[in-house]
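Everything below concerns the one structure shown next.
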Ligand SMILES: [Zn+2]
Ligand SMILES: [Zn+2]
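Right, dumping it as structure tokens:
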């Protein structure tokens, strides 16, 4: 069965076995169909009228969600960012209206890039940071804790004990908490994703209320975005796809869902690879 015929049948909501078999083997048609459902805003009815195999398309479309329309966390112009030529060294929250202008210097490009990435992140438009951190001034234990914390994916959480275990210091939960409490680059190194074993969120250098809001933001944003016409799925915030027109854009919660819908991972932002923050300590 040809693609055009398959799409006609899907449009007519008369899929049949041959159509489903074609979809299983044709990523182009899977992408087309997923984009079609999203652009017409009829995911729920589509799922009822086209009984897709639960292993594949039903699951894909169930996972497709729209991004939030409004910025969720508004910190205004309150993030004071410092950097060396190697990367970020500090992020502070300062009172509104007290932010000094960025001055020339070796860290300027990192400061400007971090400011832009943070703005996107807080608006629910970015799920990763590309700007490096320079942690050379920190004790080795703190660096290990922060490096491990930088690997916790957007939207995910770990406990202090889990981070302690992951760095090979299972009895050092309290020391892990202290190291995270003095994280010099909060947000970019996501210490807000480390919570207490009893499920409460615990302390946060920028204030516990902000920690809760960041976790809520991440829980409501799909970290992956696909462009149906190219078949490439990116981490939210990747520069490569440029602005994706409505109708060509599909959000995914998980890479497995994007793959099932016929998308392949971007080679620039590499959503298929664990992405540790690049740290100045390594250079
Ligand atoms: Zn096809
Ligand atoms: Zn990308």
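Residue numbers (this note's numbering): 111 to 393.
The beta-carbon is built from N, C-alpha and C at its ideal position, and this holds for glycine as well.
Buried or exposed: which applies to residue i, given that a residue is buried once 16 or more other Cβ atoms fall within 10 Å of its Cβ?
i           : result
residue 303 : buried
residue 125 : buried
residue 204 : exposed
residue 301 : buried
residue 111 : exposed
residue 115 : exposed
residue 337 : buried
residue 348 : buried
residue 344 : buried
residue 127 : exposed
residue 184 : exposed
residue 236 : buried
residue 329 : exposed
residue 122 : exposed
residue 287 : buried
residue 135 : exposed
residue 372 : buried
Could you tell me the alpha carbon to alpha carbon distance between residue i and residue j, rounded to whole angstroms?
i           : j           : result
residue 182 : residue 262 : 21 Å
residue 160 : residue 142 : Reliability of the predicted coordinates at residue 160 is poor, the pLDDT of 38 falling under 50, and no value is obtained from them.
residue 365 : residue 144 : 15 Å
residue 247 : residue 260 : 17 Å
residue 138 : residue 238 : 28 Å
residue 326 : residue 131 : 39 Å
residue 294 : residue 252 : 10 Å
residue 133 : residue 320 : 44 Å
residue 297 : residue 317 : 12 Å
residue 232 : residue 334 : 16 Å
residue 374 : residue 341 : 6 Å
residue 202 : residue 189 : 6 Å
residue 381 : residue 369 : 11 Å
residue 120 : residue 377 : 31 Å
residue 140 : residue 147 : 11 Å
residue 234 : residue 186 : 15 Å
residue 311 : residue 323 : 11 Å
residue 299 : residue 357 : 33 Å
residue 117 : residue 257 : 47 Å
residue 285 : residue 210 : 34 Å
So for residue i, helix, strand or coil by DSSP?
i           : result
residue 186 : coil
residue 377 : coil
residue 336 : strand
residue 251 : helix
residue 317 : coil
residue 197 : strand
residue 311 : coil
residue 360 : strand
residue 354 : coil
residue 132 : helix
residue 232 : helix
residue 117 : helix
residue 348 : coil
residue 125 : coil
residue 368 : helix
residue 212 : coil
residue 279 : coil
residue 325 : helix
residue 204 : coil
residue 260 : coil
residue 286 : helix
On the premise that residue j lies in contact with residue i, defined as a C-beta separation below 8 Å, what is that separation, rounded to the nearest angstrom?
i           : j           : result
residue 221 : residue 254 : Residue 221 to residue 254, Cβ: 26 Å. No contact.
residue 208 : residue 244 : Wrong, their Cβ atoms sit about 24 Å apart, outside the cutoff.
residue 227 : residue 241 : 6 Å
residue 379 : residue 350 : 7 Å
residue 332 : residue 383 : Actually they do not touch by this definition, with Cβ atoms about 19 Å apart.
residue 291 : residue 315 : 6 Å
residue 274 : residue 283 : 5 Å
Problem - Touch test, the segment 269-279 against the segment 299-314, Cβ-Cβ under 8 Å, three pairs minimum - result: yes
Practice task
Evaluate contact between the segment 212-219 and the segment 189-204, counting only Cβ atoms and requiring at least three cross-stretch pairs below 8 Å.
Solution key: yes
Exercise for the section: Could you name the residues whose beta carbon sits closer than 5 Å to any heavy atom belonging to ligand 4, keeping them in chain order? Expected result: Ligand 4 is absent from the structure shown, which contains only ligand 1 and ligand 2.
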